[in-house]
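A.B. asks:
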Amino acid sequence: MRIANLSQRLVLVADDLALDVERASGGTFSADPAAVFARWNEFAAWADSVDVTGHAASAPFSAADLDAPSPRPRQVIGVGLNYADHARESGLPIPERPVVFTKFASSVVGPDVDVHLPGDTVDWEAELVVVIGAGGRDIPESEALSRVAGYTVGQDLSERTVQWQGQPAQFSMGKSFEGFGPTGPVIVSLDEFADPGVLGISTTIVGADGTEDRVQDGSTDQLIFTVPQLVSILSQTLELIPGDLIFTGTPSGVGAGMEPKRFLVDGESLVTEIEGIGKITQRFHR
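Letter by letter, the sequence shown follows residues 1 to 286 of full-length UniProt numbering.
1. Which same chain residues, not among the five before or five after residue 278, have their C-beta less than 7 Å away from its C-beta?
2. Using only CA atoms, which one of 12, 75, 157 lies nearest to residue 29?
3. Run the CB neighbour count on residue 112, radius 10 Å, all protein chains shown included, and call it buried at 16 or more, exposed below.
4. The beta strand (DSSP E) that contains residue 280, what's its start and end?
5. Leaving out five residues before and five after residue 63 in sequence, what residues of the same chain have Cβ atoms less than 7 Å from its Cβ?
6. Quick one: measure Cβ to Cβ for residue 151 and residue 98, integer angstroms, because I've assumed they're closer than 8 Å.
7. Residue 232 and residue 144 look like a contact to me (Cβ under 8 Å); what is the Cβ gap, rounded to whole Å?
8. Determine the contact status of residue 226 and residue 214, defining contact as a CB-CB distance below 9 Å.
9. Taking only runs of the beta strand (DSSP E) that begin and end inside the region 86-167, which ones reach a length of at least 3 residues, in chain order?
10. Under a three-way DSSP split, which group does residue 174 fall into?
11. Would you say residue 103 reaches chain B, if we count a Cβ-Cβ gap shorter than 9 Å as a contact?
12. With distances taken Cα to Cα, identify the nearest neighbour of residue 183 among 106, 192, 45.
13. My understanding is that residue 34 touches residue 243, with C-beta atoms under 8 Å, so please give their C-beta distance in whole angstroms.
14. Quick one: give me the first and last residue of the alpha helix (DSSP H) that residue 77 is part of.
15. Which term fits residue 53, buried or exposed, when burial requires 16 or more other beta carbons within 10 angstroms of its beta carbon?
16. By DSSP, does residue 238 sit in helix, in strand, or in coil?
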């Protein structure tokens, strides 16, 4: 199952076709993309019975009309240093427990957006994003994946100067500017993947002249703390709420880890792709 937010309406997606959920379900489920997570198990059972490609009401759609697939998450949780190669390029030790911070929910936007550069040190971090379906507290690791609605693509954009201001550092502030939490293009349920634990993940910078430079190229099987571990560990402190987003960490190749350091500039675009999910794009401007 692949679901999306198409012009602020919940749809099921297959190939280049979209099916409006409210209309196809006869009003059983709301058109509001955020409302579905509170009824996730019921919705998933219904959606599994629907043939999107064969449905008479399915229609082609424009990717430009897609918005954040979980548009109003109550909590947006970030996990830092969750790839060993990224920890090494950051000059920091590999963590023994997840390093957790918050991206404020107002930073969440859709998959194809323009982003204002608030400073000179805006960096990229390609991330697999977990979308919570059925939340709760104290979730056993063995049950964790059953609480996940699916995966989507995210960028944990970071203004590094703001991030590292003060003692202690201001991670949440540096990662929560407008447009700094792009997600999409769809949420993909775990049964759609041959192996949901092994997904290629990449970031490509496209210059104003069209030149492409792939700066990140990794795989989610390199995660230090896996998705089941993260869901379980987080739920020991937090109540995970349906629709919540967990940014699971980034592989190596961020600008702050380069020598000399490299940051995004006016006119560049960022294309982030995860195998089996799709691509998101941000265009940066002063």
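Just so you know, even glycine gets a beta-carbon here, dropped at the ideal spot from N, CA and C.
C.D. replies: Answer, in terms of the structure:
1. 153, 185, 186
2. 12
3. buried
4. 278-285
5. 112, 185
6. Rounded, the Cβ-Cβ distance is 18 Å, inconsistent with contact.
7. 5 Å
8. no
9. 99-102, 112-116, 126-132, 148-155
10. helix
11. Of the protein chains in the structure, only one exists, and it is not chain B.
12. 106
13. 6 Å
14. Careful: residue 77 lies outside any alpha helix (DSSP H), inside the beta strand (DSSP E) at 76-80.
15. exposed
16. coil
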